[in-house]
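Engineer:
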Amino acid sequence: MTDFLNDWGLILITFLPLAGALVMLAVPKESEETQKTIALVASGAAFALGVAFLVNFDYDSAGVLQYVVDREWIPIINSRFILGIDGISLPLLALTVLIVPLVLIYSWNNIPSPGNPKAFLSLILLLETGMIGTFVAQDLILFFVFFEIVLLPMFFMIGVWGGPDRKYASIKFFLYTLFGSALMIVSFLALFFMSAEQTFDMRILQDLGGLDIARTTQILIFGGMFMGFGIKVPIFPFHTWLPDAHTQAPTQGSVILAAVLLKLGTYGFVRIALPFLPEGAQWWAPIIAILAVIGIIYGALACLAQTDMKRLIAFSSVAHMGFVMLAIATLTDFGINAAVFGMVAHGLITGMLFFVAGSMKDRYHTLEISRLGGMLVSAPKLGWILGLCAMASLGLPGLAGFWGEFPAILSAYEPAPMLNEALFRTLMVIAALGTVLAAGYLLWMYQRTSMGTPPEEFADDPEITDVNTAEWISWTPMLLLIVVLGFFPSLIFNMTNPAATAIAAAATGG
Amino acid sequence: MLATLTQAAADSFQSPSIDWHAFAPELVLIATIVILVLVDAVKLERARPLMPAIAGIGLLVAIIPLATLAAEGGTRSLFEGSYVVDSMSLVLKALFIVSAYIVVLLSTNYVAEGDYWESEYYTLLIASVLGMTVMASSRDLVGIFVALELLSIPAYMLAAWRKGDPRSNEAGMKYYLMGVFASAILLYGFSLTYGVGGSTRLTEIGRSIQEWGTDGVPVVTLALLFTIIGFAFKVSAVPFHMWAPDTYEGAPTPVTAFLAVASKAAGFVALIQVVYYCFIVRPDIIEPVFWVLSVASMTVGNLIALRQTNVVRMLAYSGIAQAGFMLAPFAVVASDPSASLTALVTYLVIYAAMNLGAFACVIAISRKTRSAEMDSFGGLFTYMPGLTAALTLFLASLMGIPPLGGWFAKFGVFAVLVNADTGLGWSLAIIMAVNTVIAAYYYLRVARSMWFDDVPEGVDAVPVRTPAGITISIAVTMGLTVLFGVLPAAVTNLTDFSSVAFGG
Numbered sequence: 001m002t003d004f005l006n007d008w009g010l011i012l013i014t015f016l017p018l019a020g021a022l023v024m025l026a027v028p029k030e031s032e033e034t035q036k037t038i039a040l041v042a043s044g045a046a047f048a049l050g051v052a053f054l055v056n057f058d059y060d061s062a063g064v065l066q067y068v069v070d071r072e073w074i075p076i077i078n079s080r081f082i083l084g085i086d087g088i089s090l091p092l093l094a095l096t097v098l099i100v101p102l103v104l105i106y107s108w109n110n111i112p113s114p115g116n117p118k119a120f121l122s123l124i125l126l127l128e129t130g131m132i133g134t135f136v137a138q139d140l141i142l143f144f145v146f147f148e149i150v151l152l153p154m155f156f157m158i159g160v161w162g163g164p165d166r167k168y169a170s171i172k173f174f175l176y177t178l179f180g181s182a183l184m185i186v187s188f189l190a191l192f193f194m195s196a197e198q199t200f201d202m203r204i205l206q207d208l209g210g211l212d213i214a215r216t217t218q219i220l221i222f223g224g225m226f227m228g229f230g231i232k233v234p235i236f237p238f239h240t241w242l243p244d245a246h247t248q249a250p251t252q253g254s255v256i257l258a259a260v261l262l263k264l265g266t267y268g269f270v271r272i273a274l275p276f277l278p279e280g281a282q283w284w285a286p287i288i289a290i291l292a293v294i295g296i297i298y299g300a301l302a303c304l305a306q307t308d309m310k311r312l313i314a315f316s317s318v319a320h321m322g323f324v325m326l327a328i329a330t331l332t333d334f335g336i337n338a339a340v341f342g343m344v345a346h347g348l349i350t351g352m353l354f355f356v357a358g359s360m361k362d363r364y365h366t367l368e369i370s371r372l373g374g375m376l377v378s379a380p381k382l383g384w385i386l387g388l389c390a391m392a393s394l395g396l397p398g399l400a401g402f403w404g405e406f407p408a409i410l411s412a413y414e415p416a417p418m419l420n421e422a423l424f425r426t427l428m429v430i431a432a433l434g435t436v437l438a439a440g441y442l443l444w445m446y447q448r449t450s451m452g453t454p455p456e457e458f459a460d461d462p463e464i465t466d467v468n469t470a471e472w473i474s475w476t477p478m479l480l481l482i483v484v485l486g487f488f489p490s491l492i493f494n495m496t497n498p499a500a501t502a503i504a505a506a507a508t509g510g
Numbered sequence: 001m002l003a004t005l006t007q008a009a010a011d012s013f014q015s016p017s018i019d020w021h022a023f024a025p026e027l028v029l030i031a032t033i034v035i036l037v038l039v040d041a042v043k044l045e046r047a048r049p050l051m052p053a054i055a056g057i058g059l060l061v062a063i064i065p066l067a068t069l070a071a072e073g074g075t076r077s078l079f080e081g082s083y084v085v086d087s088m089s090l091v092l093k094a095l096f097i098v099s100a101y102i103v104v105l106l107s108t109n110y111v112a113e114g115d116y117w118e119s120e121y122y123t124l125l126i127a128s129v130l131g132m133t134v135m136a137s138s139r140d141l142v143g144i145f146v147a148l149e150l151l152s153i154p155a156y157m158l159a160a161w162r163k164g165d166p167r168s169n170e171a172g173m174k175y176y177l178m179g180v181f182a183s184a185i186l187l188y189g190f191s192l193t194y195g196v197g198g199s200t201r202l203t204e205i206g207r208s209i210q211e212w213g214t215d216g217v218p219v220v221t222l223a224l225l226f227t228i229i230g231f232a233f234k235v236s237a238v239p240f241h242m243w244a245p246d247t248y249e250g251a252p253t254p255v256t257a258f259l260a261v262a263s264k265a266a267g268f269v270a271l272i273q274v275v276y277y278c279f280i281v282r283p284d285i286i287e288p289v290f291w292v293l294s295v296a297s298m299t300v301g302n303l304i305a306l307r308q309t310n311v312v313r314m315l316a317y318s319g320i321a322q323a324g325f326m327l328a329p330f331a332v333v334a335s336d337p338s339a340s341l342t343a344l345v346t347y348l349v350i351y352a353a354m355n356l357g358a359f360a361c362v363i364a365i366s367r368k369t370r371s372a373e374m375d376s377f378g379g380l381f382t383y384m385p386g387l388t389a390a391l392t393l394f395l396a397s398l399m400g401i402p403p404l405g406g407w408f409a410k411f412g413v414f415a416v417l418v419n420a421d422t423g424l425g426w427s428l429a430i431i432m433a434v435n436t437v438i439a440a441y442y443y444l445r446v447a448r449s450m451w452f453d454d455v456p457e458g459v460d461a462v463p464v465r466t467p468a469g470i471t472i473s474i475a476v477t478m479g480l481t482v483l484f485g486v487l488p489a490a491v492t493n494l495t496d497f498s499s500v501a502f503g504g
């Protein structure tokens, strides 16, 4: 088993979904059940492999890359096919392989209009390959390729199966991200030609730690990566694609977007930008921190002004990713641990919120907050689940959200030595205020949608039923994890800590 | 008197020893032309169905000597270095011949169903390919000019092949007038070059220019400028692009594909020959000139492409923008000449695969929609999903989205620009990054109308059968596009010119 995982595990987990998508292309469009089964089997197999990795992973040396695959790929530019996972990749990999099968189960009887499960499900599988590949790639060019693969499937998911404004939203999403990645590839190349080794191998680049690159150059290269990763996160001034994309995307798209896609950006910061360009990171850290806190406050205020529930959740993502970015900007092991936990927690919680919002949309045919109400009466279980997720999202202790938010704020109290302590402590206070606002908008949203008596138009609507079987199956694992991680955060902190320490050490040049 | 003169000439003339093997691809093409003409003359109307088959077989046979030459390796220099067969020219000849073969596949139904002249069509097509293969080996001003005319003149006629349609006549006429104008400028440039170099052979001219040093700068600059402008027409670089959109739109679509891929590549080959073997000692002129051409082409091409409503016209403008990307390596040519050349030829090869594929899809789709207007492509995804997906992938490749070939083409250009580490290189890399995003918008618009829009009214949403020739060409180009993107080594193994020597 170990040998098999060593040699083939990461290759299989990355390309099984793609293989599933290719098999689906060969099956005629009409046999929908077969299509769904193939998709579920492929992503289920990836999930099983993910579990095998979780079981077999050597947690004692979580700071070192494991299950490394290293093959020849593009010799002329010295780029190799290198895969590997460490304590930072593993939780995100596990999150991805968990979320996708759940999304497929949710889709079983619930393919958004205009239907066509063949295309819809194969796009989800293609997305999965891209996302997994990004988390396991250990070569910059390979990372870039996987990072880009997710663009087209998401574009078509929003554009074909999305809401009324889908055309605008999909193209905005695509162009924003493409702009970021074009600058990102230029900075990758700059990194390649400037460093003494002339390599894209992320292991070597982390060891080098930008030693041979001048400070100004590092700052410029970091700037390119900042655009590439920052747009994906998204960081404050570049966030405007997110509310549109989220609001217009079908439920499944929103869930994947929130749960995994946004993490590609933050992961890029942690894995690539920080350790490879320490001096650049130190110059940019205060800027990132300030933008992150602006994002927290701005996202929260924007939430208070939203009238559409899905748009509200989308803006809450901006705020939550702000906490993650603030933690990353501290350049400490504590902060990076908090950031990775924050990514997983946000993935589970916001993913669930979008699931619930999608199910509400199916029942009410609207997400206009002012028209909703009394869900605890008309669909009590759905109402309670929404309540639990809202509580988790606002950071209630005992649920996963708390460990995403609280350590992030705390980490800003003591940033890395070379950073301005006074600035970060001020930011910490402002960010803490953000959590109050978060409680405000989430509870207000919950109160308006779920409490009270159902409004007249929905009072006896037979379509408003409670949670159905497919929803239970796809939601239970996520709900359980939200609670379990809330009580045992060490499950993830133990994984991430060794790797986070190594990255923080590299980023602070120690 | 005259008798003695001719006698003296005959005595002094020594027949050069000809390496027939090196010439074999061209000879096969010449034989194909002869067979096409003879079969047409003998069988008249009954020859029509045979013509595409003969042309196709001729092209495939021409690949055999290319393979044997490649297997033997080495450089073969004929006529005292005026005609050189080396690894680069072999790759380019293969590019021309394979592209032409795909164009033949695309033309078969188009020409037959349109009831156009068939024999002459294929004869001219092969003649044009012959000119391109000659171009790939010419290292002599006269050879280059003859090759240029041989590849251009048949193309002028092919562009006007849809005789009944005024647009096609306009296309041919415009192309012809602009082309002749460009030839005139080019000849002027050549005459100045000859004056500067004292020889027609490129390597010797290069040597002379080097000896001149910075003396006589104005003459060298003028010679270089006129020469580059002459070829800039051929590759449709801004501001010499005006003919391209009208010609592309009016010409029969398979001919457009041929012009957009093979003819453009031939123009680039000519630029490579002149720049690399002749003017490379003067990067102080070459680099800024190409920087301007490159930036103008990609920016103007992209901005105008944004406003197009016709897919073929959009592809024409996108071709202008792509030409801008291909010109970029010249702007940093001095830093690492062979890396720039590798990036350019890699781009040409990948571009040929993906652009021919895109045209093949447009031809197949137009058989149903009877138009290349973007609106008529609405809702195509619902009734012709296969072609929709294929065209989407080719467009994504043109955008540069991995894992399709286009990303590596762009990546290679980015790599040489960044590696040069000059002001020109960095600025061009940033401008190119911005242009990549602009380009994505109009490619996506086509994808958007195929996938997101409803079927336009009055269209019965019933798929039509795609002829086998077009299906094969889509399959081949798609296979190559994906292969080049997933395993770029497949193309870089052929285009690694680090061992080629340049200059005088």
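So the protein lines, in turn, are chains A and B.
End of the first sequence sits at 510 in my numbering; the numbers just go up one at a time, nothing left out.
End of the second sequence sits at 504 in my numbering; the numbers just go up one at a time, nothing left out.
Where a beta carbon is used, it is the ideal one built from N, C-alpha and C, also for glycine.
#1: Does M418 (chain A) pass the burial test, meaning 16 or more other C-beta atoms within 10 Å, or should it be called exposed?
#2: Tell me whether G401 (chain A) sits in a helix, a strand or coil according to DSSP, three-state version.
#3: Are any of the Cβ atoms in chain B nearer than 7 Å to that of E128 (chain A)?
#4: State the DSSP-derived secondary structure class of Q66 (chain A), mapped to helix, strand or coil.
#5: On the CB-based measure, 16 or more other CB atoms within 10 Å of its CB, does G542 (chain B) come out buried or exposed?
#6: Please name the residues in the region 243 to 266 of chain A whose beta-carbon is closer than 9 Å to at least one beta-carbon of chain B, in chain order.
#7: Pairs of beta-carbons, one from the region 336 to 349 of chain A and one from the region 392 to 407 of chain A, closer than 8 Å: are there three or more?
#8: Pull up the distance between the alpha-carbon of D496 (chain B) and that of T342 (chain B), whole angstroms please.
#9: Is it the case that the Cβ atoms of S128 (chain B) and L151 (chain B) are separated by a distance below 7 Å?
#10: Tell me, please, whether the CB atom of K172 (chain A) is closer than 7 Å to any CB atom in chain B?
#11: Whole angstroms are fine: how far does the CA of A505 (chain A) sit from the CA of Q282 (chain A)?
#12: If you draw a straight line from the alpha carbon of G504 (chain B) to that of E149 (chain B), how long is it in whole angstroms?
#13: Is the beta carbon of A329 (chain A) closer than 7 Å to that of I385 (chain A)?
#14: Can you find a C-beta in chain B that's less than 7 Å from the C-beta of L175 (chain A)?
#15: In chain B, which residues lie with their C-beta within 7 Å of the C-beta of L189 (chain A)?
#16: Quick one: using the 10 Å Cβ neighbour count with 16 as the cut-off for buried, is K234 (chain B) buried or exposed?
#17: For Q218 (chain A), which residues from the same chain have a beta carbon less than 7 Å from its beta carbon, with the 5 sequence-adjacent residues on both sides left out?
#18: For S107 (chain A), which residues in the same chain have their Cβ closer than 6 Å to its Cβ, ignoring the five residues on either side in sequence?
#19: Rounded to the nearest angstrom, what separates L125 (chain B) and L259 (chain B) at their Cα positions?
#20: For a contact meaning CB atoms closer than 8 Å, what does V437 (chain B) contact in chain A?
#21: Less than 7 Å separating the beta-carbons of Q138 (chain A) and I74 (chain A)?
#22: Could you please tell me which residues of the region 39 to 58 of chain B, in chain order, have their CB closer than 8 Å to any CB of chain A?
#23: Looking at the structure shown, is A214 (chain A) part of a helix, part of a strand, or coil, going by DSSP?
#24: So the beta strand (DSSP E) G440 (chain A) belongs to, where does it begin and stop?
#25: Work out the CA separation of R448 (chain A) and S378 (chain A) for me, nearest whole Å.
#26: Nearest CA to the CA of L60 (chain B): which residue from B:A70, B:V289 and B:L29?
#27: Are three or more beta carbon pairs between the region 192 to 208 of chain B and the region 250 to 268 of chain B nearer than 8 Å?
#28: Taking beta-carbon pairs under 7 Å, can you tell me which members of the region 470 to 502 of chain B lie near chain A?
#29: Quick one, which residues of the region 66 to 85 of chain A are near chain B if we go by CB-CB under 9 Å, in chain order?
#30: If contacts are defined as beta-carbon pairs under 8 Å, then T307 (chain A) and S393 (chain A) qualify, I think. What distance do you get, rounded to the angstrom?
#31: Look at the alpha carbon of L5 (chain A) and the alpha carbon of F135 (chain A), and state the distance between them as a whole number of angstroms.
#32: Rounded to the nearest angstrom, what separates S371 (chain B) and S473 (chain B) at their Cα positions?
#33: Between A:F53, A:R80, A:K172 and A:G342, which has its C-alpha nearest Y67 (chain A)'s C-alpha?
#34: What distance in whole Å lies between the Cβ atoms of Y168 (chain A) and F238 (chain A), which are believed to be in contact at a cut-off of 8 Å?
#35: Would you say I401 (chain B) faces chain A, with C-beta separation under 7 Å as the test?
Structural biologist: Taking the coordinates as given:
#1: exposed
#2: helix
#3: no
#4: strand
#5: An answer regarding residue 542 (chain B) cannot be provided, because it is not within the stretch 1 to 504 covered by chain B.
#6: none
#7: yes
#8: 6 Å
#9: yes
#10: no
#11: 12 Å
#12: Note on G504 (chain B): pLDDT 43, under 50, position unreliable in the model; the coordinate value appears next. Going by the C-alpha atoms only, they are around 26 Å apart.
#13: no
#14: yes
#15: F414, A415 and V418
#16: buried
#17: G210, L277, E279 and G280
#18: Q252
#19: 11 Å
#20: L175, L178, F179 and A182
#21: no
#22: none
#23: coil
#24: Per DSSP, G440 (chain A) belongs to no beta strand (DSSP E); it is in the alpha helix (DSSP H), E421 to S450.
#25: 14 Å
#26: B:L29
#27: no
#28: P488, A489, T492 and D496
#29: E72, W73, I74, P75, I76, I77 and S79
#30: In fact, because the Cβ distance is near 19 Å, the residues do not count as touching under 8 Å.
#31: 17 Å
#32: 21 Å
#33: A:F53
#34: The pair is not a contact, with the Cβ atoms about 17 Å apart (cut-off 8 Å).
#35: yes
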